[in-house]
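Please read the structure below before turning to the comments.
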Amino acid sequence: MSSTETPAAAGAPRTEPRHGWRLFVIWFVLSLPSVLIIWFVWKPHMPPGDMSSSAQHQQFDIAVLAVTGAPVVIGVVLYFIYAIVVWRAKGDEGDGEPIYGNTKVQATWIIGTSAIVLWLAVFGTIELIGPAGAGAGEGPSPIWTLAGKQSATWTPGSDDILEVQVIGQQWVWTYRYPQFGGMESTELMLPEGMPVAFHVTSLDVIHSFWAYQLGVKADANPGVDNVAFTTPKAMGSFTVRCNELCGIWHGAMYNYGQVVSPTSFQTWASGVQAKEQADGVLAALPPFSLTYDPTVIPQLGKNIVTVDGITGAAGYYYGPGNPVTP
Amino acid sequence: MSVAARAAALGAAFLVVVGVGIFVAVYYIGAATTQLPIVHYSASGGQVSVVLQEDPQNNTATTPDWVSYYTQDPVSKQWLHTTLFSVPENTKVNVTIYGYDGCTPLRNNYFSQVQGTMGGTVTVSQFDQHGKEYVTNDTTSVINSWSDCNVGHTFAIPAMGIFVPVASPNAQLSANNLCSSSPCTTSGNPYAVETFSFMSPSHTGTWRWQCLVPCGGGYLDGNSGPMQTLGWMMGEMDVVSS
Numbered sequence: 098m099s100s101t102e103t104p105a106a107a108g109a110p111r112t113e114p115r116h117g118w119r120l121f122v123i124w125f126v127l128s129l130p131s132v133l134i135i136w137f138v139w140k141p142h143m144p145p146g147d148m149s150s151s152a153q154h155q156q157f158d159i160a161v162l163a164v165t166g167a168p169v170v171i172g173v174v175l176y177f178i179y180a181i182v183v184w185r186a187k188g189d190e191g192d193g194e195p196i197y198g199n200t201k202v203q204a205t206w207i208i209g210t211s212a213i214v215l216w217l218a219v220f221g222t223i224e225l226i227g228p229a230g231a232g233a234g235e236g237p238s239p240i241w242t243l244a245g246k247q248s249a250t251w252t253p254g255s256d257d258i259l260e261v262q263v264i265g266q267q268w269v270w271t272y273r274y275p276q277f278g279g280m281e282s283t284e285l286m287l288p289e290g291m292p293v294a295f296h297v298t299s300l301d302v303i304h305s306f307w308a309y310q311l312g313v314k315a316d317a318n319p320g321v322d323n324v325a326f327t328t329p330k331a332m333g334s335f336t337v338r339c340n341e342l343c344g345i346w347h348g349a350m351y352n353y354g355q356v357v358s359p360t361s362f363q364t365w366a367s368g369v370q371a372k373e374q375a376d377g378v379l380a381a382l383p384p385f386s387l388t389y390d391p392t393v394i395p396q397l398g399k400n401i402v403t404v405d406g407i408t409g410a411a412g413y414y415y416g417p418g419n420p421v422t423p
Numbered sequence: 533m534s535v536a537a538r539a540a541a542l543g544a545a546f547l548v549v550v551g552v553g554i555f556v557a558v559y560y561i562g563a564a565t566t567q568l569p570i571v572h573y574s575a576s577g578g579q580v581s582v583v584l585q586e587d588p589q590n591n592t593a594t595t596p597d598w599v600s601y602y603t604q605d606p607v608s609k610q611w612l613h614t615t616l617f618s619v620p621e622n623t624k625v626n627v628t629i630y631g632y633d634g635c636t637p638l639r640n641n642y643f644s645q646v647q648g649t650m651g652g653t654v655t656v657s658q659f660d661q662h663g664k665e666y667v668t669n670d671t672t673s674v675i676n677s678w679s680d681c682n683v684g685h686t687f688a689i690p691a692m693g694i695f696v697p698v699a700s701p702n703a704q705l706s707a708n709n710l711c712s713s714s715p716c717t718t719s720g721n722p723y724a725v726e727t728f729s730f731m732s733p734s735h736t737g738t739w740r741w742q743c744l745v746p747c748g749g750g751y752l753d754g755n756s757g758p759m760q761t762l763g764w765m766m767g768e769m770d771v772v773s774s
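Line by line, the protein sequences are chains A and B.
98 is the number of the first residue of the first sequence in the numbering used here; add one for each residue after it.
533 is the number of the first residue of the second sequence in the numbering used here; add one for each residue after it.
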């Protein structure tokens, strides 16, 4: 008995406050502004931005997850604090009352968590389909594809999908444009508002093509055509990084791309094609293919290991022993 | 021993272990980065001349069969086994590369194209082992490594957009008469001489450069060994205040 209690009061039954309602009101008061702040203040600054359809969806997804998760976090933390403050044992009161379960609490918990999990499953599936693969590589046979037309040529303002082959090798990226004569460039230029299909591959080890602001990330595996889609939504520059540890200069394997207007893109691509045609670069490149065997020189029809006496073995550019040449 | 004394002893032991670890790491990392000399090129008349050679082997005891670049000291004219050099900022850099190593196909023949040099070209001369010049001052924007077998390695500074295929002796000379003692000399060896120029960046910093021919013989896909080691087929260009 505390010193403030009167004998009469000690004999009266204790009236417990309605903890559930009290917790709900506090939780609601904290959660509502949190959700509003996340959605209207934080969301526009969430990564990876809104430079492409994939990035927009990812930003939206992260915001939805934050809005979904914030009330849960607030509820759990609130319960802990409330329990510590309100239900803390005051002095030596002996053991607490045994708890045999509470159907209402258990049902609320099971229904609430099930609803959240099901909501996230449905939401995640819809968002995966919406931007055609969420900006990630889907392998050589994508399940979800962009609405657009596959064409041998590309025209500004049409619904032609621009095909861009991303080629990784230690430690540079190059990009081939099959709709522009198979020209290749160290610059990644893309047209604004036009659908793009990235065909990501590698000539040596495993790399990962990560166009951060575009929300596109796809592994670059040798001998594999890994397809990822997006539609650039805003002009400007973006960063391309390798996201797979690929050797000592992995950290330096990055460059910058540009999203430009469709007409500017066509001018640039046609110009590079014409220059590479005139300089003989196009003739020196292998015919465009979704993957390459770097041990074979297509123009000669020979395996590199048979050319000029360079030694080698199956699967190796050079053999396990020292090559004769160089 | 009291609890406080035990805690103090434990703390002291912990600090000793951490200190030894830091010392060892700093010692070895420091040793690794300072073993290679840095060749400093000074500008004269707003230009600087960088001279390199690439050899089929090197003169180290540990990995003598690795292909390697050498850098020429501008004062002593000695060939140093290093790939670290410095140039002044905002300066025309004239590069001369002696190609003693044999021809090797590029993995990505796109890099047969010269990129990032002044005029987008290089000038190539080739000599046989008798000193006979069989190609003279050929200025070109493409050295096709697949059809001609005239590319030994490349000199690439990706961050500056510089990609240069480095000429080699032709296929026949590559197969039979290559220099076998490094650093190679022009006497008695077939070789190519390639020159090109580019502007150094307008601000100081370090730019890494590398070879894009997978020339790590004996390693999977030719991509390890000398390809991934400073002093052999990759290096750094320090841009310093002029």
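C-beta: ideal position from N, C-alpha, C; glycine also.
{"Query": "At a CB-CB cut-off below 8 Å, which residues of chain A make contact with Val-674 (chain B)?", "Result": "Asp-376, Gly-377, Val-378 and Ala-381"}
{"Query": "Tell me the DSSP secondary structure of Gly-418 (chain A) in three-state form.", "Result": "Caution is warranted here: a pLDDT of 38 is assigned to Gly-418 (chain A), below 50, making its placement in the model unreliable, and the coordinate value is therefore given only provisionally. In this structure, Gly-418 (chain A) counts as coil in the three-state DSSP scheme."}
{"Query": "With a Cβ-Cβ cutoff of 7 Å, do Asp-597 (chain B) and Gln-585 (chain B) count as a contact?", "Result": "no"}
{"Query": "Going by Cα to Cα distance, which pick from B:Leu-638, B:Gly-648 and B:Thr-738 is closest to Asn-682 (chain B)?", "Result": "B:Leu-638"}
{"Query": "Name the chain B residues that come within less than 7 Å of Leu-175 (chain A), Cβ to Cβ?", "Result": "Neighbours of Leu-175 (chain A) on chain B: none; closest Cβ ~38 Å, over 7 Å."}
{"Query": "If distances are taken between C-alpha atoms only, which option among B:Val-535, B:Pro-733 and B:Gly-631 comes closest to Val-772 (chain B)?", "Result": "B:Pro-733"}
{"Query": "In the DSSP assignment, find the alpha helix (DSSP H) that holds Phe-643 (chain B) and state where it starts and stops.", "Result": "Phe-643 (chain B) -> no alpha helix (DSSP H), and no H or E assigned at all."}
{"Query": "Might you give, ordered along the chain, the residues of its own chain that have their beta carbon closer than 8 Å to the beta carbon of Asn-199 (chain A), omitting 5 neighbours on each side?", "Result": "none"}
{"Query": "Residues of chain B with CB closer than 7 Å to the CB of Arg-300 (chain A), please, in chain order.", "Result": "Before going further, note that residue 300 (chain A) is Leu rather than Arg in the sequence given. Chain B residues near Leu-300 (chain A): Arg-639 and Asn-640."}
{"Query": "At the level of alpha carbons, what is the spacing between Val-302 (chain A) and Ser-677 (chain B)?", "Result": "22 Å"}
{"Query": "According to DSSP, Ala-317 (chain A) sits in a beta bridge with which residue or residues?", "Result": "A:His-304"}
{"Query": "For Ser-673 (chain B) versus Asp-376 (chain A), is the C-beta spacing smaller than 7 Å?", "Result": "yes"}
{"Query": "Going by beta-carbon coordinates alone, are Thr-738 (chain B) and Glu-621 (chain B) separated by less than 7 Å?", "Result": "no"}
{"Query": "Measure from the C-beta of Gln-485 (chain A) to each C-beta in chain B and report whether the shortest distance is under 7 Å.", "Result": "There is simply no residue 485 (chain A) to check, as chain A begins at 98 and stops at 423 in what is shown."}
{"Query": "Could you check how far apart the C-beta atoms of Phe-695 (chain B) and Gln-647 (chain B) are, in whole angstroms? I think they sit under 8 Å.", "Result": "4 Å"}
{"Query": "Buried or exposed: Asn-641 (chain B), going by 16 or more other Cβ atoms within 10 Å of its Cβ?", "Result": "buried"}
{"Query": "Counting pairs of beta carbons, one from the segment 739-752 of chain B and one from the segment 711-725 of chain B, are three or more of them closer than 8 Å?", "Result": "no"}
{"Query": "Helix, strand or coil for Ala-410 (chain A)? Go by DSSP, reduced to three states.", "Result": "At Ala-410 (chain A), the pLDDT of 36 sits below 50, so the modelled position is not reliable; the number obtained from the coordinates is stated separately. Ala-410 (chain A): coil per DSSP, three-state reduction."}
{"Query": "What does the Cβ neighbour count give for Leu-547 (chain B), buried or exposed, with the cut at 16 atoms within 10 Å?", "Result": "exposed"}
{"Query": "Smallest Cα separation from Pro-130 (chain A): which of A:Asp-147, A:Met-143 and A:Ala-167?", "Result": "A:Ala-167"}
{"Query": "Let's see if you can read the secondary structure: which residues bound the alpha helix (DSSP H) around Ser-729 (chain B)?", "Result": "Premise fails: Ser-729 (chain B) lies in the beta strand (DSSP E), 723-731, not in any alpha helix (DSSP H)."}
{"Query": "Please go through the same chain and pick out, in chain order, the residues whose beta-carbon is closer than 6 Å to the beta-carbon of Gly-763 (chain B), but skip the five residues on each side of it.", "Result": "Leu-568, Thr-614 and Thr-615"}
{"Query": "Kindly list the residues whose CB is nearer than 6 Å to the CB of Gln-363 (chain A), restricted to its own chain and excluding five residues on each side of it in sequence; keep chain order.", "Result": "Pro-253"}
{"Query": "What is the rounded straight-line gap between the Cα of Ala-331 (chain A) and the Cα of Val-161 (chain A)?", "Result": "23 Å"}
{"Query": "Hey, quick one: how far does the alpha helix (DSSP H) through Pro-168 (chain A) stretch, first residue to last?", "Result": "150-183"}
{"Query": "Please return the same chain residues whose Cβ sits closer than 8 Å to the Cβ of Ser-529 (chain B), not counting the five positions on each side in sequence.", "Result": "For residue 529 (chain B) there is no data in the structure shown, the boundaries of chain B being 533 and 774."}
{"Query": "For Gly-348 (chain A), which three-state DSSP category applies?", "Result": "helix"}
{"Query": "When you compare the segment 288-297 of chain A with the segment 201-214 of chain A, are there three or more beta-carbon pairs, one atom per stretch, that lie closer than 8 Å?", "Result": "no"}
{"Query": "For Gly-344 (chain A), return the contacting residues in chain B, with the cut-off set at a CB-CB distance below 9 Å.", "Result": "Asn-755, Ser-756, Met-759 and Gln-760"}
{"Query": "Could you tell me the distance, in whole angstroms, from the CA atom of Ser-282 (chain A) to the CA atom of Arg-273 (chain A)?", "Result": "6 Å"}
{"Query": "Quick one: Cα of Lys-187 (chain A) to Cα of Tyr-559 (chain B), how far?", "Result": "59 Å"}
{"Query": "Anything in the segment 675-698 of chain B with a Cβ closer than 9 Å to a Cβ of chain A? List those residues in chain order, please.", "Result": "Asn-676, Ser-677, Trp-678, Ser-679, Cys-681, Gly-684, His-685, Ala-688, Pro-690, Ala-691, Gly-693 and Phe-695"}
{"Query": "What residue range is occupied by the uninterrupted beta strand (DSSP E) comprising Val-595 (chain B)?", "Result": "Reading the sequence as shown, one finds Thr at residue 595 (chain B) and not Val. Thr-595 (chain B) -> no beta strand (DSSP E), and no H or E assigned at all."}
{"Query": "Quick one: give me the first and last residue of the beta strand (DSSP E) that Thr-653 (chain B) is part of.", "Result": "Taken as a continuous stretch (DSSP letters only), Thr-653 (chain B) belongs to no beta strand (DSSP E), as it is neither H nor E."}
{"Query": "Report yes if the C-beta distance between Gly-232 (chain A) and Ser-305 (chain A) is below 7 Å; otherwise report no.", "Result": "no"}
{"Query": "With a threshold of 7 Å between beta carbons, is Pro-384 (chain A) in contact with chain B?", "Result": "no"}
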